[in-house]
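Data block below; observations after.
Residue numbers (UniProt numbering): 1 to 309.
Given below as structure tokens:
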């Protein structure tokens, strides 16, 4: 899946300027660039050099052309730092789709496309974005930066994930959320994309790892992608089928209708526990059905996000 190509098909960006100005500005206090100027990455303008100022930022090439001293002035960096966290385990590749597109997404496809979309919005705001990817190892970490080169590097990494054919089997969400939380030192807006399926620890310990993300007063949003037709309602044809756990390899042979009611009750209880813990820890929980229209889901989140802040 070519992420940028699929994003171009999305109606998310038909009103991007409106979203960027009216919605994204509400993500966190101080999102806009300071009216003051400093010497950070984004060039703003030249100003006449005054005697006694530091000569460090004099534009000597311009001096050679004009015989006048000017200093380069740069826009001070925004206060917003954003870190994307992606669960790249085997369960996120459900259901199996050979050719991902905006109209045909599994959980990992929805997640990488959503991250790319949010990155594009933040890029317009000149905000700093970082990325962590984990599964059975902490596979990738990039700190928050705002340069064009950095954004392209993250986009390339997400493209690589979307094209993977043999994802890691196990999930160590508990272990790596703790490590990621330790990596993010400065207050940030954190987006976590995971289906919350894991075998390493019990539920309470997993919830404690979520709590750790609130370290340093981070603002945390949990995107929880699911194929609700199958993973919530267990809607399968009632014929003998073998159900295989993609992470452990364990399997069960059964008729879907025989366990549908009990399964739905168990998974509904688990989802309620997740929502309750997120509310307790002041984590924004975003319930995602990957079968819904991608643009509608993401636009709805952005609008709701603005209302609740």
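Glycine included, each C-beta is placed from N, C-alpha and C at the ideal position. All of these numbers come straight from a predicted model, not from anything done at the bench.
Take residue i and list the residues in its own chain whose beta-carbon comes closer than 8 Å to its own, dropping the five residues that flank it on each side.
{"i": "residue 264", "result": "232, 233, 234"}
{"i": "residue 145", "result": "128, 129, 130"}
{"i": "residue 70", "result": "46, 47, 48, 49, 58, 59, 62, 63"}
{"i": "residue 155", "result": "3, 4, 116, 119"}
{"i": "residue 227", "result": "94, 95, 106, 107, 289, 290, 291"}
{"i": "residue 293", "result": "none"}
{"i": "residue 91", "result": "107, 171, 195, 197, 246, 247"}
Using only CA atoms, which one of the options lies nearest to residue i?
{"i": "residue 193", "options": "150, 132, 178", "result": "132"}
{"i": "residue 109", "options": "137, 296, 285, 3", "result": "3"}
{"i": "residue 160", "options": "112, 124, 214", "result": "112"}
{"i": "residue 195", "options": "135, 53, 260, 126", "result": "135"}
{"i": "residue 169", "options": "72, 94, 152", "result": "94"}
{"i": "residue 210", "options": "290, 90, 190", "result": "190"}
{"i": "residue 83", "options": "156, 213, 104, 267", "result": "213"}
{"i": "residue 230", "options": "148, 290, 164, 54", "result": "290"}
{"i": "residue 198", "options": "164, 173, 179, 208", "result": "173"}
{"i": "residue 224", "options": "274, 165, 126, 151", "result": "274"}
{"i": "residue 207", "options": "97, 149, 272, 157", "result": "272"}
{"i": "residue 138", "options": "226, 52, 89", "result": "89"}
{"i": "residue 53", "options": "72, 124, 65", "result": "72"}
{"i": "residue 178", "options": "103, 85, 261", "result": "85"}
{"i": "residue 147", "options": "123, 202, 304, 51", "result": "123"}
{"i": "residue 270", "options": "251, 202, 236", "result": "202"}
Looking only at its own chain, which residues have a Cβ that is under 6 Å from the Cβ of residue i, when we skip the five neighbours before and after it?
{"i": "residue 257", "result": "238"}
{"i": "residue 236", "result": "256"}
CA-CA distance, residue i and residue j?
{"i": "residue 33", "j": "residue 81", "result": "Only weak support exists for where residue 33 lies, its pLDDT of 41 falling under 50; the value from the coordinates is given anyway. If I take the Cα positions, the gap works out to 12 Å."}
{"i": "residue 87", "j": "residue 171", "result": "8 Å"}
{"i": "residue 243", "j": "residue 120", "result": "38 Å"}
{"i": "residue 140", "j": "residue 68", "result": "47 Å"}
{"i": "residue 215", "j": "residue 143", "result": "17 Å"}
{"i": "residue 152", "j": "residue 204", "result": "37 Å"}
{"i": "residue 164", "j": "residue 266", "result": "31 Å"}
{"i": "residue 96", "j": "residue 106", "result": "7 Å"}
{"i": "residue 1", "j": "residue 175", "result": "30 Å"}
{"i": "residue 277", "j": "residue 55", "result": "54 Å"}
{"i": "residue 167", "j": "residue 150", "result": "25 Å"}
{"i": "residue 262", "j": "residue 268", "result": "10 Å"}
{"i": "residue 304", "j": "residue 6", "result": "24 Å"}
{"i": "residue 103", "j": "residue 65", "result": "54 Å"}
{"i": "residue 51", "j": "residue 125", "result": "34 Å"}
{"i": "residue 158", "j": "residue 251", "result": "31 Å"}
{"i": "residue 162", "j": "residue 99", "result": "10 Å"}
Who are the Cβ neighbours of residue i in its own chain at under 7 Å, not counting the five residues just before and after it?
{"i": "residue 301", "result": "286"}
{"i": "residue 21", "result": "Confidence at residue 21 is low in this model, with a pLDDT of 43, below 50, so its placement is unreliable and no value can be given for it."}
{"i": "residue 240", "result": "253, 255"}
{"i": "residue 188", "result": "81, 82, 83, 144, 218"}
{"i": "residue 260", "result": "234"}
{"i": "residue 101", "result": "1, 6"}
{"i": "residue 29", "result": "Only weak support is given to the placement of residue 29: the predicted model assigns it a pLDDT of 37, under 50, and the value that follows is read from those uncertain coordinates. Within the same chain, residue 29 has no close Cβ partners at all."}
Establish whether the CB of residue i and some CB of chain B are separated by less than 7 Å.
{"i": "residue 265", "result": "In the structure shown, chain B does not exist; there is a single protein chain."}
Look up residue i in the DSSP assignment and give the residues it is bridged to.
{"i": "residue 310", "result": "Absent from the model: residue 310. The displayed extent of the chain is 1 to 309, so no value can be given."}
{"i": "residue 172", "result": "Answer is none; residue 172 lacks a bridge partner."}
{"i": "residue 81", "result": "128"}
{"i": "residue 222", "result": "192, 285"}
{"i": "residue 142", "result": "131"}
{"i": "residue 104", "result": "101"}
{"i": "residue 72", "result": "46"}
{"i": "residue 58", "result": "71"}
{"i": "residue 86", "result": "133, 193"}
Can we count residue i as close to the ligand COA, meaning its CB is less than 6 Å from some heavy atom?
{"i": "residue 216", "result": "Here there are no bound small molecules, and the ligand COA is not part of this structure."}
Given 8 Å as the limit, is there contact between the region 180-190 and the region 238-248, that is, 3 or more CB pairs closer than that?
Using a C-beta cut-off of 8 Å, the region 180-190 makes no contact with the region 238-248, since fewer than three inter-stretch Cβ pairs fall below that distance.
Contact between the region 219-228 and the region 278-287: three or more CB pairs below 8 Å?
The answer is yes - the region 278-287 touches the region 219-228, with three or more Cβ pairs under 8 Å.
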